[in-house]
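**Q** In our numbering, the protein residues as written are 166 to 270.
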Amino acid sequence: MTTLIPLCVPFERRKEAARGGATFNGEQKCWMAQRDKLDALLPFVPYRYRPDRKPPYIRPWMVPQALWGFNLRAFLAPEDWNRIRKDAYARSGSRCRVCGGRGPQ
Numbered sequence: 166m167t168t169l170i171p172l173c174v175p176f177e178r179r180k181e182a183a184r185g186g187a188t189f190n191g192e193q194k195c196w197m198a199q200r201d202k203l204d205a206l207l208p209f210v211p212y213r214y215r216p217d218r219k220p221p222y223i224r225p226w227m228v229p230q231a232l233w234g235f236n237l238r239a240f241l242a243p244e245d246w247n248r249i250r251k252d253a254y255a256r257s258g259s260r261c262r263v264c265g266g267r268g269p270q
């Protein structure tokens with residue numbers, strides 16, 4: 166039995182994912198692919214499933230030390246924060262880029 170993994174497919178790139186062999190799972194509301202057939206879908210594969218990535222997937226130096234303990238949302242106007250976060254959601258297909266998971270909302 167082949168394991169299916171969730172993919173991070175932005176809406177505007179869904180046709181590219183389908184051509185690469187991904188299928189849309191309506192129940193989970195995401196694109197899925199077989200673990201052994203990810204070569205054509207690598208741009209959409211969460212980091213934990215990529216053969217070229219090793220843990221830890223999130224490294225502390227990705228955030229400047231001066232900003233540790235701060236939340237960017239607290240520094241931005243609500244409309245700016247919403248624009249940034251919605252853009253990030255769209256770029257990742259509303260999925261976590263590390264694990265491919267999705268929150269309750």
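Backbone N, C-alpha and C fix where the C-beta goes; we use that ideal spot for every residue, glycine too.
Cβ of C264 within 8 Å of Cβ of R213?
**A** Yes, Cβ-Cβ distance for C264 and R213 is below 8 Å.
**Q** Enumerate in chain order the residues of its own chain whose CB-to-CB distance from D201 is below 8 Å, with the five nearest sequence positions on each side excluded.
**A** Result list for D201: T167, in chain order.
**Q** Using 8 Å as the threshold, is the C-beta distance between L172 and A198 below it?
**A** Taking 8 Å as the Cβ cut-off, L172 and A198 qualify as a contacting pair.
**Q** What did DSSP end up calling W196 once you bin it into helix, strand or coil?
**A** In the structure shown, W196 sits in a strand (DSSP, three-state: E or B).
**Q** To the nearest angstrom, how far is it from the Cα of G186 to the Cα of F240?
**A** For G186 and F240, the distance between alpha carbons rounds to 42 Å.
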